[in-house]
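A.B. asks:
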Amino acid sequence: MKTKKLSSNLTFPGVFLSAVVTIAMMPVAYNRVAQNGSMSLMLFVGIFFLGMIALQIYLFRFVCSAKVENGALFMKKLFRPAKEYTFDKIGEPKSIRIKNTVYTSVKMENEGTTHEKFLIVNSKSILSKNKIDTKNTLIELKNSILG
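At position 78 of the sequence shown the residue is numbered 60 (our numbering), and the sequence of numbers has no breaks.
Right, here's the structure in full:
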């Protein structure tokens, strides 16, 4: 069986770029708000950046690259070794689309009853070569084993 990539090639660079942009924008926003002097605006901007930091932490923790190769699903998170799963270990995938980017969340069954969450990011932009429907592909892989 040939290799089929389920995640975008720009997944990991995109996570790092978004973290850098968030961190770089914090002092700029602080200077703009400090010049204005409005406490309510400062509070709003602070809550916004706390939300952005929480989102970045979530992405760094769960984002992965995924590919199907030799009858197995390989999932690799940032800073962690790749894990190999059989298709029967695939949980129910859930997707959300924001503009041209599709975020697919799936829980994979580990040994025993533990589960591990993965977030597969797939871009459907003009620059992206692969136009894969990750959610349906995972469902098809799971159903191919279950009958």
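Ideal Cβ placement from N, Cα and C applies to all residues, glycine included. Note that the coordinates shown come from a computational prediction; the quantities given were computed from them, not determined experimentally.
(1) Let me make sure I understand the geometry here. Which of K124, N125 and N104 has the alpha-carbon closest to that of D115?
(2) Quick one, are the C-beta atoms of G73 and E51 less than 8 Å apart?
(3) Using a Cβ-Cβ cut-off of 6 Å (strictly less than) and excluding sequence neighbours within five positions of K65, which residues of its own chain qualify?
(4) With R43 as the anchor, note down where its alpha helix (DSSP H) starts and where it stops.
(5) Terminal residues of the continuous alpha helix (DSSP H) containing I5?
(6) At what residue ranges does the region 74 to 128 contain a whole run of the beta strand (DSSP E), taking only runs of 3 or more?
(7) Using the C-alpha atoms, what's the distance from A11 back to G19?
(8) Please state the DSSP three-state secondary structure of I61.
(9) Once you ignore the five residues that flank S(-11) on each side, which residues in its own chain have a CB closer than 8 Å to its CB?
(10) Let me make sure I understand the geometry here. Which of L25, S22, I39 and L55 has the alpha-carbon closest to that of T119?
(11) List the whole-angstrom C-beta distance separating K99 from S87, where the pair is believed to meet the contact cut-off of C-beta under 8 Å.
(12) Between the C-alpha atoms of F44 and K59, what's the straight-line distance to the nearest angstrom?
C.D. replies: Well, looking at it:
(1) As a working note, residue 115 is residue 133 in the sequence shown. Nearest C-alpha to D115: N104.
(2) In the sequence shown, counting from the first residue as 1, residue 73 sits at position 91. In the sequence shown, counting from the first residue as 1, residue 51 sits at position 69. No, the pair does not count as a contact, with Cβ atoms beyond the cut-off.
(3) Mapped onto the sequence shown, residue 65 falls at position 83. Same-chain partners within the cutoff: M57.
(4) Along the sequence shown, read from residue 1 onward, the residue named residue 43 stands at position 61. Counting along the chain, the alpha helix (DSSP H) containing R43 begins and ends at M21 to F44.
(5) Against the sequence shown, residue 5 aligns to sequence position 23. Unbroken alpha helix (DSSP H) run through I5: T(-7) to N18.
(6) 76 to 80, 83 to 91 and 97 to 105
(7) Counting from 1 along the sequence shown, the entry for residue 19 is found at position 37. Counting from 1 along the sequence shown, the entry for residue 11 is found at position 29. Distance between the alpha carbons of G19 and A11: 12 Å.
(8) The count along the sequence shown starts at 1 and reaches residue 61 at position 79. Position check: residue 61 holds Phe in this sequence, whereas Ile was assumed. Correct three-state label for F61: coil.
(9) The residue you call residue -11 lines up with position 7 of the sequence shown. The answer, listed in chain order, is C46, S47, A48, K49, I102, V103, N104 and T116.
(10) Your numbering for residue 119 matches position 137 in the sequence shown. Nearest of L25, S22, I39 and L55 to T119, Cα basis: L55.
(11) Looking up residue 99 in the sequence shown gives position 117. Looking up residue 87 in the sequence shown gives position 105. Their Cβ separation, rounded to whole angstroms, is 7 Å, which keeps K99 and S87 in contact under 8 Å.
(12) On the sequence shown, residue 44 is found 62 positions in, with the first residue counted as 1. On the sequence shown, residue 59 is found 77 positions in, with the first residue counted as 1. Whole-angstrom Cα-Cα distance: 7 Å.
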